[in-house]
Structures are given as C-alpha cells and as structure tokens.
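Structure record follows, encoded as structure tokens.
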Ligand code: AP5
C-alpha cells in the first residue's frame with residue numbers, strides 16, 4: 002500500500018489536477034484538490050462556496066479559514082496507514098503549518114512535495130483549451146485530452162464547460178498570486194529535504210511515468 006502524503010505545487014495549468022486524478026486511480030489512494038472542493042461548495046450553494054466565489058473569480062486566494070474548514074475534515078477521515086495526494090493545498094506557508102498540525106495529530110507527515118515546472122505561455126495555452134465537467138469536475142483539453150464525444154463528459158455524460166476563472170486576465174492574476182504567495186512554500190519543503198521537481202511540459206503520459214518513478218522510489 003502507498004502510505005505517503007504527497008503535496009503538488011505549481012502554477013495554474015501546469016497539470017497538477019490531471020496527474021492527481023491519474024495517480025489516485027493508479028495507486029488506489031484518495032486525492033483532494035481545494036479548488037474542486039471550493040467549486041463543489043459553490044455548486045451546492047453553501048455559504049462557504051458563495052463567500053469563496055468572489056475571491057476565485059478575481060484570481061485571489063480564498064481566506065485560510067474557508068479552505069481549512071473544507072480540507073481538514075477530508076484529511077481527518079483518511080485511515081492512518083493510507084497515503085493521499087493534496088493538489089493545490091497548501092498554497093501558503095501558513096497553510097503548510099496548518100497542514101503539519103493536522104497531520105501531526107494523525108501521526109503522519111508530508112513525505113514529498115512535488116513542484117511542477119513549465120513555461121508560462123504554454124501553461125496559458127493549456128488553460129485556454131481546458132474544459133471541465135461541472136458535475137464530477139473531471140478535466141479535459143480540447144486538443145491534448147479530448148472527451149470521446151465532443152463536449153460531453155466520458156464519466157457521466159454532462160455537457161462540459163469552461164471554468165469562469167480560465168479567462169486570460171484572471172489566469173495572469175492567478176499566476177501572479179502563485180509567484181507571490183505560493184512560491185515561498187518551495188523553500189519550506191526544500192529545507193526539509195523533501196522537495197522534488199517534475200518537468201510538466203512533457204506529454205501527459207510521460208509526466209505520469211516520471212511521477213510514478215518518484216513514487217515508486219518512496220515505497
Ligand atoms: P485550482 O482549481 O487549484 O486552480 P489552479 O491551482 O490555478 O490550478 P489549475 O486547476 O488551473 O491547474 P492544474 O495545474 O490543476 O492543471 P490541469 O491538470 O487542470 O484553484 C482555483 C482557485 O481556487 C484559486 O485561484 C483560488 O482562488 C482558490 N483556491 C484553491 N485552493 C486554494 C488554497 N489552498 N488556498 C486559497 N485559495 C485556494 O491542466 C490544465 C489543462 O492542461 C487541462 O485542460 C489538461 O487537460 C491539460 N493538460 C494537463 N497536463 C497536460 C500535459 N502534460 N500536456 C498537455 N496538456 C495537459
């Protein structure tokens with residue numbers, strides 16, 4: 002069984018969600034993406050989701066108390082021996098410290114922080130072609146990962162949509178937030194000796210193979 006806690010770090014569109022979904026299936030471990038949890042809360046019309054919307058639409062980070070209230074219960078529900086992947090959380094050093102506190106109570110700790118790296122303009126091109134299923138959040142790309150039937154989710158047949166924050170101006174704002182608030186996290190994990198980097202510019206299956214090689218070294 003894969004028992005490690007792995008954190009994915011990288012700017013918007015680098016492929017974190019795509020790889021988290023594939024690895025979750027390959028290793029039969031859960032993955033949690035705070036972006037998905039926030040979009041789910043919004044879809045369900047919860048007060049937290051509605052409060053988060055204004056930050057997400059502007060490309061800003063959602064306040065820590067909202068994000069932590071959504072992710073904490075997911076993590077605490079995981080059996081102690083099971084590993085899992087966190088995609089898009091933590092996003093600040095303060096969130097990383099909160100994660101450490103949650104994990105410490107479970108006698109767990111982050112084993113690997115994986116930084117996804119690629120060129121900015123290529124990332125923006127990826128995001129302009131991204132489509133998602135509003136029902137199950139599965140991600141597609143019009144050219145690189147198309148659904149079997151045009152604009153329809155393979156999993157549940159729902160019509161695909163474009164994310165409201167995949168507008169170029171908001172993408173650039175999200176990238177700026179990444180370099181300002183999230184990038185310092187790399188030093189936090191580098192200082193612990195658990196930071197690794199993956200070349201995210203390769204095709205989806207090549208990136209997957211590279212990450213699987215890293216995961217298999219940890220077993
Ligand atoms: P979130 O949903 O986490 O967005 P993000 O971090 O900006 O990342 P993305 O989902 O845009 O990109 P990704 O790296 O997952 O790429 P993907 O795999 O989809 O967060 C959204 C918002 O929520 C934030 O702006 C913030 O407001 C809020 N939020 C979330 N977490 C928060 C937190 N912890 N604290 C505070 N606020 C928070 O791939 C992109 C496209 O490329 C897809 O179409 C895919 O098919 C394609 N693709 C993927 N890999 C490849 C490849 N190798 N080759 C070709 N195409 C590829």
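In the working numbering, the protein residues as written are 2 to 220.
Just so it is clear, CB atoms sit at the ideal spot from N, CA and C, and this is done for glycine as well.
Just so it is clear, the structure is predicted and the values come from calculations on it, not from any experiment.
Which partner residues of residue i appear in the DSSP bridge assignment?
i, result
"residue 133", "140, 162"
"residue 9", "88, 115"
"residue 171", "In DSSP, residue 171 forms no bridge with anything."
Could you pull out every residue in the same chain whose Cβ sits closer than 7 Å to the Cβ of residue i, ignoring the five residues on either side in sequence?
i, result
"residue 201", "11, 15, 16, 117, 118, 119, 208"
Taking only beta-carbon positions, decide if residue i is within less than 9 Å of chain C.
i, result
"residue 216", "The chain inventory of the structure shown lacks chain C, comprising one protein chain alone."
Need the endpoints of the beta strand (DSSP E) that residue i sits in, please.
i, result
"residue 32", "32-34"
"residue 198", "196-200"
Terminal residues of the continuous alpha helix (DSSP H) containing residue i?
i, result
"residue 205", "205-219"
"residue 179", "Run containing residue 179: none; DSSP gives neither H nor E here."
"residue 193", "Where residue 193 is concerned, there is no enclosing alpha helix (DSSP H), given that its DSSP letter is neither H nor E."
Quick one: Cα of residue i to Cα of residue j, how far?
i, j, result
"residue 72", "residue 89", "11 Å"
"residue 155", "residue 137", "10 Å"
"residue 143", "residue 124", "14 Å"
"residue 66", "residue 212", "31 Å"
"residue 50", "residue 148", "28 Å"
"residue 128", "residue 170", "12 Å"
"residue 193", "residue 6", "14 Å"
For residue i, which residues of its own chain have a beta-carbon under 8 Å away from its beta-carbon, when the five flanking residues on both sides are left out?
i, result
"residue 133", "139, 140, 141, 161, 162, 163, 164"
"residue 130", "142, 143, 144, 145"
"residue 21", "9, 32, 34, 86, 88"
With a CB to CB cut of under 6 Å and the five nearest residues on each side skipped, what residues in its chain are close to residue i?
i, result
"residue 195", "113, 114"
"residue 111", "6, 8"
Inset, instruction - Give, in chain order, every unbroken run of the beta strand (DSSP E) that is at least 3 residues long and sits entirely within the segment 11-58. - result: The segment 11-58 contains these whole beta strand (DSSP E) runs: 32-34.
Inset, instruction - Run through the segment 52-109 for me and flag every whole alpha helix (DSSP H) of 4 or more residues, listed as ranges in chain order. - result: Entirely contained in the segment 52-109, the alpha helix (DSSP H) runs reaching 4 residues are, in chain order, 65-77, 94-106.
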